[in-house]
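Position 38 of the sequence shown, counted from 1, bears residue number 276 in the numbering used here, the numbering being contiguous throughout.
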Amino acid sequence: MICSNCYNEHNFEIREEHEVICVRGDNIEIVSKVTYCKDCGQKVWNPEHDSNNLKVAYSLYRKKHNLLTPEEIIAIRERYGISQTTFAKVLGLGEKTIARYENGSIQDTAQNNLILLSQNIDNFKTLFEHQIARLDEGEIQKINDTLNRYTPKVISKSCYTKPTQFKNCLFGGFNYEQSEYEYNFIPAI
Ligand SMILES: [Zn+2]
C-alpha cells in the first residue's frame with residue numbers, strides 16, 4: 239500500500255466511518271474501515287478494506303431482503319452432493335449462476351425462492367425430473383443415488399408428538415402437523 243499523494247509507504251491509520259453503499263438500488267448504511275495517510279492526511283485506497291466493506295453491505299442487504307447467504311446456498315447444494323453446475327441445471331438457471339451466488343453475487347427474490355424451495359427433497363425431485371433433459375448420465379446417476387439414500391420411510395405416529403425429534407431433520411420445510419404420514423429422512427453419511 240502506498241499513499242498516491244506523498245508516496246508514504248508505512249505510516250497509515252484505519253478509521254471507522256459511516257458510509258452509504260448503493261446495493262441494487264438500495265442505499266445500505268455501513269460502518270466502513272477507511273485508511274488514511276498519517277503523513278499528509280489523504281485517504282488511501284486499500285483494496286482489502288474496500289472489498290470487505292462491500293461484503294458487509296451485501297450481507298446487510300441480504301438480511302434486509304431476507305435472502306439466503308452464500309453459505310446457506312452452499313449448504314443446500316451440498317446436501318445433494320452435486321456440483322454448482324448440476325445444481326444450476328436442476329434449478330433451470332444458467333450454468334454459472336449458482337457459482338456466482340456462492341461467490342457472493344446477490345440473487346433476486348425469485349431465484350432465492352427457487353433455491354429455498356429446492357431444499358425440500360420433494361421439490362428437488364420434481365425439479366430434477368422436469369430438467370432431466372439438461373443433465374448428462376453421470377449427473378442423473380449421482381442425483382438418483384442421493385434420492386435413493388433419502389427415500390422416506392413411514393414411521394409410527396407415536397413420533398408425531400415429539401416434534402423436537404424433527405428439528406434437525408435434514409430437509410426443512412416439511413409440514414409435520416398436516417401430513418398424513420411421518421417421514422424420517424435418513425442422512426446420507
Ligand atoms: Zn500521504
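Positions of the beta carbon are idealized from the N, C-alpha and C atoms, including for glycine.
Only a predicted model underlies this, so the values are computations on that prediction, with no experimental measurement involved.
- Sorted by position in the chain, 241, 243, 244, 246, 275, 277, 278, 280 make up the residues whose C-beta lies under 6 Å from a heavy atom of ligand 1.
- The shortest C-alpha to C-alpha distance from residue 290 to any of 277, 271, 301 is the one to 271.
- Collapsing the DSSP output to three states places residue 356 in a helix.
- In the three-state reduction of the DSSP assignment, residue 277 falls in the coil class.
- Annotated as distal: residue 265 and residue 273, with beta-carbon spacing of 8 Å or more.
- Under DSSP, residue 268 shares a beta bridge with 257.
- Rounded to the nearest angstrom, the gap between the Cα atoms of residue 282 and residue 242 is 7 Å.
- Separation of the CB atoms of residue 378 and residue 370 is rounded to 7 Å, and the pair is thereby assigned contact status at 8 Å.
- In the assembly as shown, residue 244 is an exposed residue. Its beta-carbon has fewer than 16 other beta-carbons within 10 Å.
- Exposure of residue 313 is indicated by the presence of fewer than 16 other C-beta atoms within 10 angstroms of its C-beta.
- If you check the CB distance, residue 363 and residue 319 do not come in under 8 Å.
- Excluding the 5 residues flanking it on each side, residue 344 has same chain C-beta neighbours closer than 8 Å at 261, 262, 296, 299, 300, 305, in chain order.
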